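Quick note on my numbering: the sequence shown kicks off at 33 and runs consecutively.
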Amino acid sequence: MSYRTEPPYSHGSVPKTAVVLINLGTPNAPTASAVRPYLREFLSDPRVVEIPRAIWWFILNLIILPFRSGKSAKKYASIWTNEGSPLKVHTEKQAKLLRGYLGARGHEVRVEYAMRYGSPSVPQVLRQLKADGCERILVLPAYPQYSATTTASIFDAIFKHYAQERNVPELRFIKHYHDHDAYIRALQKSVLAHWDMSGRPDKLVMSFHGVPKRTLLLGDPYHCECHKTARLLAKELGLTQDQYLVTFQSRFGKAEWLQPYTAPTVKKLAQEGVQRIDVICPGFTSDCLETLEEIAMEVRHDFLQAGGKDFNYIACLNEDDAWIKALSQIAELHMIGWPTILSPAMRAEREAQAQISKADAMRLGASE
33 MSYRTEPPYS HGSVPKTAVV LINLGTPNAP TASAVRPYLR EFLSDPRVVE IPRAIWWFIL
93 NLIILPFRSG KSAKKYASIW TNEGSPLKVH TEKQAKLLRG YLGARGHEVR VEYAMRYGSP
153 SVPQVLRQLK ADGCERILVL PAYPQYSATT TASIFDAIFK HYAQERNVPE LRFIKHYHDH
213 DAYIRALQKS VLAHWDMSGR PDKLVMSFHG VPKRTLLLGD PYHCECHKTA RLLAKELGLT
273 QDQYLVTFQS RFGKAEWLQP YTAPTVKKLA QEGVQRIDVI CPGFTSDCLE TLEEIAMEVR
333 HDFLQAGGKD FNYIACLNED DAWIKALSQI AELHMIGWPT ILSPAMRAER EAQAQISKAD
393 AMRLGASE
């Protein structure tokens, strides 16, 4: 095996620590030509679609991409902002704010963001961190609930990249934080803030991204973690079991997915006489196509068309202060033992060691 060329080594340099916040991804523009390569990369991941590769290649390239790229582009266009894709905009802002929070708490860490599909790509960010001397990297997925289709795919991308590196940094991975107290409290705060302005609904619908039902039967814990998040949030909000529902959205294909499905459930609520529902998507930490278009537009239309009177979508956590604080707590928990906080004495010692190492390097070079 041939390895990538390592960046020049600088004697006396202090190893750095980095946190990489990784989200799903987004096309670079709301056009069919931009959506097609994004969808190809996303749907070519065997973690996302577990169908024999030869069969899936035919379906993807000859059926899905030619017809779905244009339709998806129109949906992206309906939510696109002057800053760009909402998911990318929010993820970038989250990384910047997290960097500030950790810095204010005395941590010397780099915080960058990457996209599993699209740009900035995981390999692109990891290469830059290595060039900048980062030898400790904490991988922080933007998915609170673990799933092989999402979190594990990020881990795959990390392992694949470093399989071609000679000098691999120290790595730590955050698997999930679906039941972390600060995350649950951030969700609670966002719901209560919405209710303070708009009043309470007849039902609170907690809609999570769907995955095929077979993944649950094969051992994926995603379904259970979604329900635990919902149960903890409902407890913090003081809701009884008949005041909220857990549903799953974004079905794809003809196979059975986790149920109940969001759109049919919402229609049924309206038909049963429920006048107002609020919908929150706790599994998404940044607003994106699945929340802004699918929920806030399509599902809203379904509810009103079926006889409902008032539909409210509660935005994702995005740059909410409580959420960024929660992110910093989650990151700090997983950086325990890493020398990210330097006292003045330690800083002076590091600087002295760096000077000695540089002098030794210069003497070694002169003797050669």
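Using N, Cα and C, we set each Cβ at its ideal position, and we do this for glycine too.
No experiment lies behind these values; they were computed from the predicted model shown.
- In the DSSP secondary-structure assignment, W289 is bridged to P244.
- The C-alpha of L53 is placed about 17 Å away from the C-alpha of S117.
- In this structure F240 touches C258 by the C-beta definition: roughly 4 Å separates them, less than 8 Å.
- For D188, the enclosing alpha helix (DSSP H) starts and ends at 183-194.
- Unbroken alpha helix (DSSP H) stretches of 4 residues or longer found wholly inside the segment 263-341: 294-303, 332-337, given in chain order.
- Per DSSP, the unbroken beta strand (DSSP E) holding E144 starts and ends at 141-149.
- Annotated as proximal: R79 and A184, with beta-carbon spacing under 7 Å.
- Under the DSSP assignment, L172 falls in the beta strand (DSSP E) whose first and last residues are 166-173.
- Judged by DSSP secondary structure, E202 falls within the beta strand (DSSP E) whose first and last residues are 202-205.
- In the structure shown, S45 adopts coil according to DSSP, grouped into three states.
- Beta-carbon to beta-carbon, S110 and E325 are separated by about 6 Å, close enough to satisfy the 8 Å threshold.
- Here the alpha carbon of I356 sits roughly 32 Å from the alpha carbon of P69.
- Beta-bridge partners assigned by DSSP to N344: D310.
- For A180, no alpha helix (DSSP H) run applies, since DSSP gives it neither H nor E.
- Looking at the DSSP output, I54 bridges to A146, P173.
- Collapsing the DSSP output to three states places M238 in a strand.
- In this structure, the alpha-carbon of P98 lies about 43 Å from that of W227.
- Counting every other CB atom within 10 Å of its CB across the protein chains shown gives L92 a total of 16 or more, marking it as buried.
- Secondary structure note for Y70: its alpha helix (DSSP H) is the uninterrupted segment 64-75.
- Here M229 is exposed. Its C-beta has fewer than 16 other C-beta atoms within 10 Å.
- Around the beta-carbon of W89, fewer than 16 other beta-carbon atoms lie within 10 Å, marking it exposed.
- Of the candidates Y35, N55, G165, G165 places its Cα closest to the Cα of H43.
- In the structure shown, T261 falls within a helical segment according to DSSP collapsed to helix, strand and coil.
- Judged by their CB atoms, L56 and R148 are nearer to each other than the 7 Å cut-off.
- In this structure the segment 357-372 touches the segment 168-176; the number of beta carbon pairs closer than 8 Å is three or more.
- Per DSSP, reduced to three states, the secondary structure at T113 is strand.
- In the three-state DSSP reduction, S360 falls in the helix class (H, G or I).
- In this structure, the CA atom of A218 is about 43 Å from the CA atom of T37.
- By the Cβ test, the segment 190-199 is not in contact with the segment 208-225, since fewer than three Cβ pairs between them sit closer than 8 Å.
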